[in-house]
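Engineer: Pasting a structure below so you can have a look.
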Amino acid sequence: MKVKDIISNSQWFPPRNFTGDTIPITVMIPNYNRGSSGLFEAAILSILSQTFKEFNLILIEDGSDDNSMEIVRKYMALDERVGCIYHPLNVGIPAISVYEAYIKTKSEYICLAQRAKWLSSVNQYRGTFMRFPNSIQSAYPLRPRVKITAVAPTISSGLPFHEA
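Structure follows, in structure tokens:
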């Protein structure tokens, strides 16, 4: 099966501030059935409460059968920076969902927040990336669009990025 066939039923709800112009950073959160645990909402809140505000948040809702879509609608209504890619049926392949979000955004940098994690500071990650442009970050890859690479979580010394 081709990727285009897998995502053919997906629906794109861009952030209300989405004009096609470049937003410096897009943060993406793939989700499947984490709404009822509170972890999905905690991740969203940690990102939206940043002091650095020049980013969009794309929630990738992968056919959850819990209250995840209610949470997505709530934050899309509350914050113009929040958008959603909705899959009526679970794709089950996070890489495809992330790729789909990647092609929708126009940001110079992308950041992937996976699982039950949250960001301490989007601006910190941006600053660190500017100092180490060829780095791979261990938990949340903030990478330039032209240099997307495969990133695997690693155990680190606690720094947000590591030199490659």
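Going by UniProt numbering, the residue at position 144 of the sequence shown is 144; the numbering climbs one at a time, nothing skipped. Where is the CB? At the ideal position from N, CA and C, for every residue including glycine. Computed from a prediction, not measured in an experiment: that's the story for all the values here.
Are the beta-carbon atoms of Asp62 and Tyr32 separated by less than 7 Å?
Structural biologist: Contact flag set, yes.
Engineer: Taking just the CA atoms, how far does Ile110 sit from Ala101?
Structural biologist: 10 Å
Engineer: Using only the alpha-carbon positions, how far apart do residue 166 and Arg81 sit?
Structural biologist: Since the first and last residues shown for the chain are 1 and 164, residue 166 lies out of range.
Engineer: Along the chain, where does the beta strand (DSSP E) that runs through Met28 open and close?
Structural biologist: 25-31
Engineer: Ignore the nearest five residues each way along the sequence and tell me which others in Ser10's own chain have a CB closer than 6 Å to its CB.
Structural biologist: In chain order, Ile85, His87 place their CB closer than 6 Å to the CB of Ser10, counting only its own chain and leaving out the 5 sequence neighbours on each side.
Engineer: The alpha helix (DSSP H) with Ile85 in it runs from where to where?
Structural biologist: Where Ile85 is concerned, there is no enclosing alpha helix (DSSP H), although the beta strand (DSSP E) it sits in stretches over 82-87.
Engineer: Report the partner residues of Leu112 according to the DSSP bridge assignment.
Structural biologist: Met28
Engineer: Per DSSP, which one or two residues make a beta bridge with Leu59?
Structural biologist: Ile29, Cys84
Engineer: Secondary structure at Phe40, three-state DSSP: helix, strand or coil?
Structural biologist: helix
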